[in-house]
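Enquirer: Let me give you the structure first, and then I'll get to my questions.
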Amino acid sequence: MFDLFPLRKRGEDPLDVMIKQINHLLDERECLFPSVTHSFRTDIKETETAYWVEAELPGFTKDDISVELEGNCLTIRAKREERKDEKDGKNRFIHKERRYGEYIRSFYVDDIQEDGIKAKLENGILTLEIPKAYPEIPNKKRITID
Numbered sequence: 001m002f003d004l005f006p007l008r009k010r011g012e013d014p015l016d017v018m019i020k021q022i023n024h025l026l027d028e029r030e031c032l033f034p035s036v037t038h039s040f041r042t043d044i045k046e047t048e049t050a051y052w053v054e055a056e057l058p059g060f061t062k063d064d065i066s067v068e069l070e071g072n073c074l075t076i077r078a079k080r081e082e083r084k085d086e087k088d089g090k091n092r093f094i095h096k097e098r099r100y101g102e103y104i105r106s107f108y109v110d111d112i113q114e115d116g117i118k119a120k121l122e123n124g125i126l127t128l129e130i131p132k133a134y135p136e137i138p139n140k141k142r143i144t145i146d
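Residues 1 to 146 in full-length UniProt numbering are what the sequence shown spells out, letter by letter.
Below you can see the structure in the form of structure tokens.
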């Protein structure tokens with residue numbers, strides 16, 4: 001009843017149409033491979049002093065998200081509980097697309113300052129600043145010649 005099909009517009013390149021259809025299929029991969037895709041998109045940047053991780057977590061609050069560092073494994077976990085909707089007899093869902101469940105990403109990190117990690121959630125983007133460990137500067141010692 002609510003199936004929508006894209007119509008080919010006049011003059012649209014067939015290759016562009018095919019690319020859009022492939023992208024649409026890939027966007028729907030959560031339905032095809034749920035165990036593989038319970039994740040979220042991230043960007044990782046490196047500066048001279050830190051690593052920056054930005055994770056897309058729209059709709060989550062900071063209470064829904066946990067960030068843990070265990071050894072060299074940094075794990076971001078976001079969990080959303082299904083909301084119970086009251087049934088009043090008048091309204092019912094025909095189609096429901098809200099996602100519920102647990103989303104996890106883990107990253108290997110090395111040579112970082114564990115105590116200096118900062119996290120901020122703003123507009124659905126979780127930003128982690130992970131300071132790099134200071135490189136050890138070898139001690140310089142002068143040796144006298146006999």
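Even for Gly, the Cβ is constructed at its ideal location relative to N, Cα and C. The structure presented is a predicted model; accordingly, all values stated were derived computationally and were not measured.
Please list, in chain order, all residues of the same chain as GLY116 whose beta carbon is under 6 Å from its beta carbon, the five residues on each side excluded.
Expert: Within the same chain, GLY116 has close Cβ partners PRO131.
Enquirer: Look at the alpha carbon of TRP52 and the alpha carbon of GLY101, and state the distance between them as a whole number of angstroms.
Expert: Looking at the two C-alpha atoms, the distance is approximately 26 Å.
Enquirer: Opposite PRO131 in the DSSP bridges: which residues?
Expert: Note: PRO131 sits in a beta bridge opposite ALA50.
Enquirer: Rounded to whole angstroms, what is the Cα-Cα separation between ILE22 and PRO14?
Expert: Going from the Cα of ILE22 to the Cα of PRO14 covers about 12 Å.
Enquirer: Could you compute how far the alpha carbon of LEU128 sits from the alpha carbon of LEU57?
Expert: So the alpha carbons of these two residues sit roughly 13 Å apart.
Enquirer: Can you name, in chain order, every residue of its own chain whose Cβ lies under 6 Å from the Cβ of GLU54, other than the five neighbours on each side?
Expert: Same-chain partners within the cutoff: ASP43, ILE125, THR127.
Enquirer: Under the DSSP definition of a beta bridge, which residues are partnered with TYR103?
Expert: ALA78.
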